[in-house]
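J.: One structure, as structure tokens, below. Some questions next.
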Amino acid sequence: MKISLSTESVTHISTEILVLGILEKGVGKDDDVVKLDKAMSGALMQHVKDEGFTGKEGETLKVPARGRVKASWIVLVGLGSCVSHADGIRLASVIGARSVRRQKTIAVRVPEATEALVRAGAEGLTTGPYRYDRFFTGNRKPKGGLKKAVLLVPSLAERFSNAVEEGVIVGEAINVARDLVNGPPNVINPPALADFAAEACSQYGVTCDVWGKAQIEAAGMPLFLAVNAGSGVEPRLIHMSWTPKNSKKRVVFVGKGLTFDSGGLCLKPAKAMAHMKCDMGGAATTIGAVLAAARLKLPIEVHGVIGSTENMTGSFAYRPGDVYSSYDGKTVEIANTDAEGRLVLADVLAWARELEPDFMIDHATLTGACMVALGPWTAGLYANDPELLEMYYASSTQSGESLWKMPLDDDLKKTLASDIADLKHISSLPYGGSITAALFLSEFVGKTRWAHLDIAGPSFTEKEHEYLPQGGTGFGVSTAVAFLEQIS
Ligand code: BES
Ligand code: MN
Ligand code: ZN
75 MKISLSTESV
85 THISTEILVL
95 GILEKGVGKD
105 DDVVKLDKAM
115 SGALMQHVKD
125 EGFTGKEGET
135 LKVPARGRVK
145 ASWIVLVGLG
155 SCVSHADGIR
165 LASVIGARSV
175 RRQKTIAVRV
185 PEATEALVRA
195 GAEGLTTGPY
205 RYDRFFTGNR
215 KPKGGLKKAV
225 LLVPSLAERF
235 SNAVEEGVIV
245 GEAINVARDL
255 VNGPPNVINP
265 PALADFAAEA
275 CSQYGVTCDV
285 WGKAQIEAAG
295 MPLFLAVNAG
305 SGVEPRLIHM
315 SWTPKNSKKR
325 VVFVGKGLTF
335 DSGGLCLKPA
345 KAMAHMKCDM
355 GGAATTIGAV
365 LAAARLKLPI
375 EVHGVIGSTE
385 NMTGSFAYRP
395 GDVYSSYDGK
405 TVEIANTDAE
415 GRLVLADVLA
425 WARELEPDFM
435 IDHATLTGAC
445 MVALGPWTAG
455 LYANDPELLE
465 MYYASSTQSG
475 ESLWKMPLDD
485 DLKKTLASDI
495 ADLKHISSLP
505 YGGSITAALF
515 LSEFVGKTRW
525 AHLDIAGPSF
535 TEKEHEYLPQ
545 GGTGFGVSTA
555 VAFLEQIS
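Just so you know, the sequence shown maps onto residues 75 to 562 in the numbering used here.
As structure tokens, this is what we get:
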């Protein structure tokens, strides 16, 4: 799909779908709605009244124009009380693009001419039409979809074309992450995930080193290997690096890449296991963020390090009661084989910190507890550095993703004590599950300035991304990009 800019008026733009974002109760006061309504001899506001459209967040009204203006359909999208204009445009673009059925062309009104709004519109137009349709055959196979999108701006400027391109790059990075998370676990296994990363990196000038089991063994990552032991598929450590000449800072993203989490010997019940192809969501975010950084040519050295394995129940599977050493040297007593993500991350974080980054940020579908606390669309944000915590949170208000600051409560650390090893990997308390998982990770990052995002996985898969607020991002990809831009 091609996205272009135009200063054409809402009554004269020739398009099948014309989208206008409307704040709650603002529909009658909207100049463009008034203009369109006049041209349509009152038919637009009549529809608004008949259908009771008030502009509540996510509400839509699709009105046929029947030749009275150049557009074939007017689509009003409720923005509620959206405080950020960028969030509003992103949401209108996403929902507008999803309202498309057979049409090929769409135009979205951008009420103010700023780079941020143009970029948000381009991002929404890129993520909105997303469907995971790789495995459909016959008449469910995709039939083309949107061909042409226009952002209607009050005035044009050279820099807006860059903003369109940036929005598309971020949107495509989000879609890459979605494709990976939606990918079935028999298809996206650790070797396939690594192959995908290597191939994508080669397209954008990003280096990609992939380690197999022998190299992971040689490097000394016993916790990572313990998780892999029950699987018939080899693990992979994936290390992507974008190293521009003009780099000002070094950032390392780390991702949990469990391509399937059965729970291991502490087997998950069938219902909980059903979603567990999503357990490489952190890896997907990491890949999307590194690719976007490279495509945006950000002046930051950006690394992405992923520990990828399945958690399975084969006869060599690790057991509750086992004790392993770690890359860092600390010994760990295994209490529950379903708390596997923090073990993989402990070794990978300890290794990645040797890259001496200014900031290290991991993304992981780490705990069900975080979803219980924050719901399926908000990620828990932790940091061992108060400044980084605020900086990262600020990035999420730019990107429109939903993060919530969580406490690394030191008092809970003692609940990770083991009788026979340096640490137990789960808490002795049934409370604060997301916090104690983050505390366990914090034991392996040393003094590196580090942030951790406990992200929800299942809501990124299948149809559920359609219900995500602010246009359905939610992975952390666009927040990661906003963070890199903030420190550029
Ligand atoms: N991958 C899961 C966490 C998860 C659960 C992500 C549901 C998305 C949706 C993780 O490996 C896990 O199983 N965590 C356990 C930890 C427990 C055994 C301490 C959990 O959350 O139940
Ligand atoms: Mn698990
Ligand atoms: Zn897991």
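Just so it is clear, CB atoms sit at the ideal spot from N, CA and C, and this is done for glycine as well.
Is there contact here, the segment 428-435 with the segment 445-456, by at least three beta-carbon pairs under 8 Å?
T.: Taking 8 Å as the limit for Cβ pairs, the verdict is that the segment 445-456 does not touch the segment 428-435.
J.: Return helix, strand or coil for T201, following the three-state DSSP convention.
T.: Taking the first residue of the sequence shown as position 1, residue 201 is located at position 127. Reduced to three states, the DSSP call for T201 is helix.
J.: Any chance you could list the residues with Cβ under 5 Å from a heavy atom of the ligand BES, keeping chain order?
T.: Per the Cβ criterion, the list is D335, D353, N410, D412, A413, G415, T439, T441, G442, I500, G531.
J.: For the alpha helix (DSSP H) that contains K123, what are its first and last residues?
T.: Here residue 123 refers to the residue found at position 49 of the sequence shown. Here the alpha helix (DSSP H) through K123 covers 117-125.
J.: Give the single residue among A292, V174, Y204, K487 whose Cα lies nearest to the Cα of W425.
T.: Mapped onto the sequence shown, residue 425 falls at position 351. Ranking the options by Cα distance to W425, first place goes to A292.
J.: Could you tell me whether any non-hydrogen atom of the ligand MN is closer than 7 Å to the CB of N385?
T.: The residue you call residue 385 lines up with position 311 of the sequence shown. The answer is yes for N385.
J.: Can you have a look at V157 and say buried or exposed, based on whether 16 or more other CB atoms are within 10 angstroms of its CB?
T.: To locate residue 157, count along the sequence shown from 1; it is residue 83. With fewer than 16 other Cβ atoms within 10 Å, it is exposed.
J.: Quick one: is F518 buried, meaning 16 or more other Cβ sit within 10 Å of its Cβ, or exposed?
T.: Sequence index remark: in the sequence shown, residue 518 carries index 444 (1-based). Burial call: buried.
J.: Quick one: complete beta strand (DSSP E) runs, 3+ long, within the segment 155-209?
T.: Segments of the beta strand (DSSP E) lying fully in the segment 155-209: 179-183.
J.: Please list the terminal residues of the continuous beta strand (DSSP E) segment that includes P343.
T.: One-based indexing of the sequence shown puts residue 343 at position 269. Premise fails: P343 is in no beta strand (DSSP E) and is neither H nor E.
J.: Mapping DSSP to helix, strand and coil, what is P543?
T.: By 1-based counting over the sequence shown, the position of residue 543 is 469. Residue placement at P543 cannot be trusted, given a pLDDT of 41 that sits under 50; what the coordinates show is reported in the next sentence. P543: helix per DSSP, three-state reduction.
J.: May I ask you to list the residues that DSSP assigns as paired with K479?
T.: Here residue 479 corresponds to residue number 405 of the sequence shown, with the count starting at 1. For K479, which the question treats as bridged, DSSP gives the partners L455.
J.: Return helix, strand or coil for G355, following the three-state DSSP convention.
T.: Against the sequence shown, residue 355 aligns to sequence position 281. It is helical.
J.: For K363, which option in G154, L135, L558, D105 has the closest C-alpha, if you only look at C-alpha atoms?
T.: On the sequence shown, position 289 is the one that residue 363 refers to. A small correction: the amino acid at residue 363 is Ala; Lys does not occupy that position in the sequence shown. Considering only alpha carbons, the answer is L558.
J.: Run through the DSSP bridge pairs and tell me what L332 is partnered with.
T.: Here the question's residue 332 lines up with position 258 in the sequence shown. Paired residues: T383.
J.: Quick test of the definition: if touching needs 3 or more C-beta pairs under 8 Å, does the segment 88-102 touch the segment 173-185?
T.: Verdict: yes, contact present.
J.: Name the residue from G506, W524, A171 whose alpha carbon lies nearest to the alpha carbon of A223.
T.: Walking along the sequence shown from the start, residue 223 turns up at place 149. Comparing Cα positions, the closest option is A171.
J.: At a threshold of 7 Å, does G355 count as lining the ligand MN (C-beta to nearest heavy atom)?
T.: By 1-based counting over the sequence shown, the position of residue 355 is 281. No; taking the cut-off as 7 Å, the Cβ of G355 has no heavy atom of the ligand MN nearer than that.
J.: State the start and end residues of the unbroken alpha helix (DSSP H) segment that holds D412.
T.: On the sequence shown, residue 412 is found 338 positions in, with the first residue counted as 1. Per DSSP, D412 belongs to no alpha helix (DSSP H) and is neither H nor E.
J.: Take E538 and list the residues in its own chain whose beta-carbon comes closer than 6 Å to its own, dropping the five residues that flank it on each side.
T.: Against the sequence shown, residue 538 aligns to sequence position 464. A caution first: E538 carries a pLDDT of 48, below 50, which makes its placement in the model too unreliable to give a value.
J.: How about L254: is its Cβ closer than 7 Å to a heavy atom in the ligand ZN?
T.: Translated into positions along the sequence shown, residue 254 becomes position 180. Answer for L254: no, Cβ out of range of the ligand ZN.
J.: Three Cβ pairs or more, each shorter than 8 Å: is that satisfied between the segment 303-313 and the segment 368-386?
T.: Result yes; three or more Cβ-Cβ pairs closer than 8 Å.
J.: Assuming V108 is part of the alpha helix (DSSP H), what are its boundary residues?
T.: The residue given as residue 108 occupies position 34 in the sequence shown. Note, V108: alpha helix (DSSP H), 105-113.
J.: For the alpha helix (DSSP H) that G257 lies in, which residues bound it at each end?
T.: Looking up residue 257 in the sequence shown gives position 183. No alpha helix (DSSP H) holds G257; DSSP gives it neither H nor E.
J.: Using a Cβ-Cβ cutoff of less than 8 Å, which residues in the same chain neighbour L299 once the five nearest sequence positions on both sides are dropped?
T.: Against the sequence shown, residue 299 aligns to sequence position 225. K287, I290, E291, P309, listed in sequence order.
J.: Enumerate in chain order the residues of its own chain whose CB-to-CB distance from G294 is below 6 Å, with the five nearest sequence positions on each side excluded.
T.: Within the sequence shown, the letter at position 220 stands for residue 294. Excluding sequence neighbours, G294 sits near Y401.
J.: Would DSSP call I509 helix, strand or coil?
T.: If you number the sequence shown from 1, residue 509 lands on position 435. The answer is helix: DSSP assigns I509 an H, G or I state.
J.: Tell me, to the nearest whole angstrom, how far the beta carbon of A367 is from that of I374; I am working on the premise that it is less than 8 Å.
T.: Taking the sequence shown and counting its residues from 1, the one referred to as residue 367 is at position 293. Taking the sequence shown and counting its residues from 1, the one referred to as residue 374 is at position 300. About 7 Å separates the two Cβ atoms, so the contact holds.
J.: In this structure, does DSSP put E538 in helix, strand or coil?
T.: Position 464 of the sequence shown, counting from 1, holds the residue named residue 538. Since pLDDT at E538 reaches only 48, below the 50 mark, its modelled position is unreliable, and the value read off the structure follows with that caveat. Helix.
J.: State yes or no: is the C-beta of A160 within less than 8 Å of the C-beta of L199?
T.: For the purposes of this step, residue 160 is identified with residue 86 of the sequence shown, where counting begins at 1. For the purposes of this step, residue 199 is identified with residue 125 of the sequence shown, where counting begins at 1. No, these two residues do not count as a Cβ contact at 8 Å.
J.: Since H377 sits in a beta bridge, which residues does DSSP pair it with?
T.: Translated into the one-based positions of the sequence shown, residue 377 becomes position 303. Beta-bridge pairing links H377 to S315, V326.
J.: Do K323 and L419 have their beta-carbon atoms positioned less than 8 Å apart in this structure?
T.: In the sequence shown, residue 419 corresponds to position 345, counting from 1. In the sequence shown, residue 323 corresponds to position 249, counting from 1. Not a contact, by the Cβ cut-off of 8 Å.
J.: Output the distance between the C-alpha atoms of L527 and S476, rounded to the nearest integer angstrom.
T.: Start at 1 with the first residue of the sequence shown, and residue 527 comes out as number 453. Start at 1 with the first residue of the sequence shown, and residue 476 comes out as number 402. Answer to the nearest angstrom: the Cα atoms are 11 Å apart.
J.: Please go through the same chain and pick out, in chain order, the residues whose beta-carbon is closer than 6 Å to the beta-carbon of E536, but skip the five residues on each side of it.
T.: Walking along the sequence shown from the start, residue 536 turns up at place 462. Note that E536 scores 45 on pLDDT, short of 50, meaning its location in the model is unreliable; the coordinates nonetheless yield the value given after this. No residues qualify anywhere along the chain.
J.: Using a beta-carbon distance below 8 Å, is S235 in contact with chain C?
T.: Chain labels in this structure do not include chain C; a single protein chain is all it has.
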